[in-house]
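Just so you know, we're using the working numbering here: the sequence shown kicks off at 1 and counts up by one.
For every residue, glycine included, the Cβ atom is placed at its ideal position computed from N, Cα and C.
In this text, all values refer to a predicted model and were calculated from it rather than measured experimentally.
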Amino acid sequence: MPAKKKSTKLARKKSPKKLPEPVVASATVTKPLISPSEPKNDFPFPRVTITRGDDVALEIELALGDITETPSRVILLGQFQGMDPTAASVDLDRAMNGALFRLINLRRAVHGAGELDIIPTGRHPVMAEMIAFLGLGDGSLFDENVLASAACSGLRSLLASHFDEFATVLMGGRLLNQKEINVAAALRYMLRGFIQALRDDPDRDRFRRIVIVEKDPSRLREIHSILRVLVQEDEFEGVRTTLCASTLPIRGRSEDERLRVAMAKQETNLLMLSMQPDEKVSGFFGIEAILHTSAASAAVIKRSRRFSGKKIEELYAAAEVTEARGVTTFRQLQAVSKLAAEILPEEVLDPLKSVTNPRIELIHDAESSRLPWETLALSDGSYPALEGGFSRRFVSERAAVVWPPKQGERLRILMIIDPTGDLPGARKEGALLRAALASNESTVIKYIENETATKENFKAILAEQSFDILHYAGHSGFNRENSRFSGLLLHGAEYFTGADVLTLSQFPPVVIFNSCEAARIYRRDPVLTGEVITKVRNRDAAHGAISIAEAFLIAGVQHYIGTFWPVNDDAATLFGKVLYEQISNGETMGKSVTEARKTLKENGQPDWANYIHYGNPDAAIFPSRPNQNS
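Set out below in structure tokens:
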């Protein structure tokens, strides 16, 4: 008998059955093996086995409860590239006291479709030993076939690690341009990918079970009803499926935990931009914009348009990105805002007029990153950057990990001011900001300038002391070919680049770069020939502003705050003062930047729209401490 069993198994391995190519339409339902009218669809569901063959044996357990309480060794969660973590991720982060999101931010996982990033839970109070994030790729390109392919790739990785089960939640339920969760499509294509991975694995008999966790009893009943029909369709041909149910234990939440979850679920509107030169018409560009709103309907707006590259040159000229002044009047700012809106596809931002919080988080490609989207206004005249906040997310395959220093009792700021000695505006800004913060007992400042701001001295200070923020006011240079070698110009004509960051054991998590009135961003590579010099200067000034940000973000810095055009000295001082006060009071980075912008606006400074923030707006780098005397 053992020999016969072995022979049967080998025969199955020799020619595993392949699933049909994914199709959007529902497959034809075969003769029912389970009548939809019985058993009654009440929880807990009775255990039942449906045999469509013996190629694959799979148990699917529907678990009612919190994903943090699943006893499975590994939890598998889907994650779109650059988008907000799922609700399940928020729950797990809460259970791990914020450690999960800190690790995610440090690792800077790309989450390309099918990629798997595994994070151990360590000794945190989560039942699972590890959490595996399955990349679902770019949300704008996501469809049912991507989901099936990613699910297949993810399970193959788990099978290679000899896991015999995993817990998950419904992945990819809200497909592009759909306002409602499509449970049937998500379940069908997720399981299609999982089953294909099992069919392809010669050692699939080791794998036992998939646990689908759901908090909502009505949603769980819907999943069960769909499964009872789905197991009769082509996806499950040759599969012996056992359906069962369980209830996970309930763990009470403290007030602090409830507050943390509420804070983590702040409303955010995600704007995704992609801009490429038109392949058919020289001098033209195509731009695609996708807006995922935070409203209850969770509407998804997708628009595209084609425009002349002259629009970009007009915008650069209006912002005077290569001049000492930059934007100096509100009328000039309105012109820049109008030109930015004309590049963006029409009506893509209209839904923001009806949401509670018009906060925007922008994900962009290289081309669209070079434009001052922070200046955008809605058709009613309101600015999202002032009303709710505006931050950019940085996504890169090359991003490294740099550990931030351990939090101290006070906010530690390292200020590097005018290293080259030729920027009186920078010295004025530094002196005023230093004086303004002198009375703030929550901050401590290390101040170096001119000849003391050498590269050697700078690196020595970073090696010996810990800082939360690096504040730089001076010149910078960028490398068009490799942004990692863009950086800050220090005394002695030496550059401190993103590549230098990687040589350090720790680095401030926040970099603030103020390009004051007389500062310049220099090219560190030859000027392209055969181009009009004005075009080169305009483009390089705009590209350089973003290139400096990319250099430090690729190196692992968590937050970068800089300017698009040269900033007024008084505006730079006021912005820094308000920003540091907010951060030292425990406010999030997003709120701190927004409050600083509002203060500039209230003081008649159009430079409020000049500031760019890359990073997680909900992160607080200096959480407030309870009053010791209370």
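Segment limits, alpha helix (DSSP H) that includes residue i
i      : result
Leu462 : 455 to 464
Leu92  : 87 to 95
Leu291 : Run containing Leu291: none in the alpha helix (DSSP H); it sits in the beta strand (DSSP E), 284 to 292.
Glu595 : 589 to 602
Val501 : 498 to 501
Buried or exposed by the 16-neighbour rule on C-beta atoms within 10 Å, applied to residue i
i      : result
Arg204 : buried
Asn269 : buried
Lys455 : buried
Ser274 : buried
Gly615 : buried
Ala25  : With a pLDDT of 32 at Ala25, under the threshold of 50, the modelled position of this residue cannot be trusted, and the question is left open.
Lys428 : buried
Gly172 : buried
Ser161 : exposed
Leu141 : exposed
Gln605 : buried
Thr356 : exposed
Val29  : Because the pLDDT at Val29 is just 35, under 50, the model does not fix this residue reliably, and the point stays unresolved.
Asn568 : buried
Gln196 : buried
Arg392 : buried
Asp54  : exposed
Ser354 : exposed
Pro46  : exposed
Asn603 : exposed
Gly193 : buried
Thr247 : exposed
Ser476 : buried
Ser218 : exposed
Glu464 : exposed
Thr573 : buried
Pro44  : exposed
First and last residue of the uninterrupted beta strand (DSSP E) at residue i
i      : result
Pro277 : 269 to 277
Ala571 : That residue, Ala571, is in no beta strand (DSSP E); its alpha helix (DSSP H) goes 569 to 584.
Lys446 : 443 to 449
Leu432 : Element bounds for Leu432: not the beta strand (DSSP E) but the alpha helix (DSSP H), 424 to 437.
Ile512 : 510 to 514
Ile621 : It is not in any beta strand (DSSP E) - Ile621 carries neither H nor E in the DSSP assignment.
His124 : His124 -> no beta strand (DSSP E), and no H or E assigned at all.
Gly562 : 559 to 563
Val48  : 48 to 51
Beta-ladder partner(s) of residue i, from DSSP
i      : result
Asp117 : Phe133
Glu59  : Arg209, Thr242
Arg219 : Answer is none; Arg219 lacks a bridge partner.
Ile417 : Glu449, Ala473
Gln81  : In the DSSP output, where bridge partners are listed per residue, Gln81 has none listed.
Ile67  : Ile67 pairs with nothing; no bridge assigned.
Lys302 : Ile290
Glu494 : Leu490
Ile226 : Its beta-bridge partners do not exist; DSSP assigns none.
Arg412 : Val444
Leu76  : Ala132, Thr168
Ile104 : BP columns for Ile104 are empty, so no partner.
Ile612 : Gly562
Glu214 : Leu64
heavy atom of the ligand NAP below 7 angstroms from residue i C-beta
i      : result
Arg370 : The ligand NAP is not among the ligands present in this structure, which contains no ligands whatsoever.
Quiz item: Which runs of the alpha helix (DSSP H) spanning at least 4 residues fall entirely within the segment 148 to 201, listed in chain order?
Solution: Complete alpha helix (DSSP H) runs here, min 4: 183 to 200.
Exercise. May I have a chain-ordered list of the alpha helix (DSSP H) segments no shorter than 4 residues that lie completely inside the segment 308 to 395?
Key: If we require 4 residues or more, the alpha helix (DSSP H) runs fully inside the segment 308 to 395 come out as 310 to 319, 330 to 343, 384 to 387.
Exercise. Tell me, please, whether the segment 486 to 493 touches the segment 408 to 428 by the rule of three or more beta-carbon pairs shorter than 8 angstroms.
Key: Yes: at least three Cβ pairs fall under 8 angstroms.
Quiz item: Are the segment 306 to 317 and the segment 112 to 122 touching by the rule of at least three beta carbon pairs closer than 8 angstroms?
Solution: The segment 112 to 122 and the segment 306 to 317 do not touch, with fewer than three beta-carbon pairs separated by less than 8 angstroms.
Quiz item: With contact counted as at least three CB pairs below 8 angstroms, one residue from each stretch, are the segment 77 to 93 and the segment 133 to 148 in contact?
Solution: Flag = yes, the segment 77 to 93 and the segment 133 to 148 touch.
Exercise. Check whether the segment 379 to 396 touches the segment 277 to 292, counting contact only when three or more Cβ pairs, one atom from each stretch, lie closer than 8 angstroms.
Key: Taking one beta carbon from each stretch, the segment 379 to 396 and the segment 277 to 292 have fewer than 3 pairs nearer than 8 angstroms; the two do not touch.
Quiz prompt | Given 8 angstroms, three or more beta-carbon pairs between the segment 232 to 251 and the segment 327 to 335 | solution = Touching, no.
Quiz item: Does the segment 550 to 560 touch the segment 494 to 510, meaning 3 or more C-beta pairs lie closer than 8 angstroms?
Solution: With a cut-off of 8 angstroms, the segment 550 to 560 and the segment 494 to 510 count as touching, because enough Cβ pairs lie within range.
Self-check item: At least three beta-carbon pairs within less than 8 angstroms, the segment 218 to 233 to the segment 569 to 589
Solution: Flag = no, the segment 218 to 233 and the segment 569 to 589 do not touch.
Quiz item: Would you call the segment 241 to 248 and the segment 85 to 105 touching, i.e. three or more CB-CB distances under 8 angstroms?
Solution: Cβ pair count under 8 angstroms is below three, so no.
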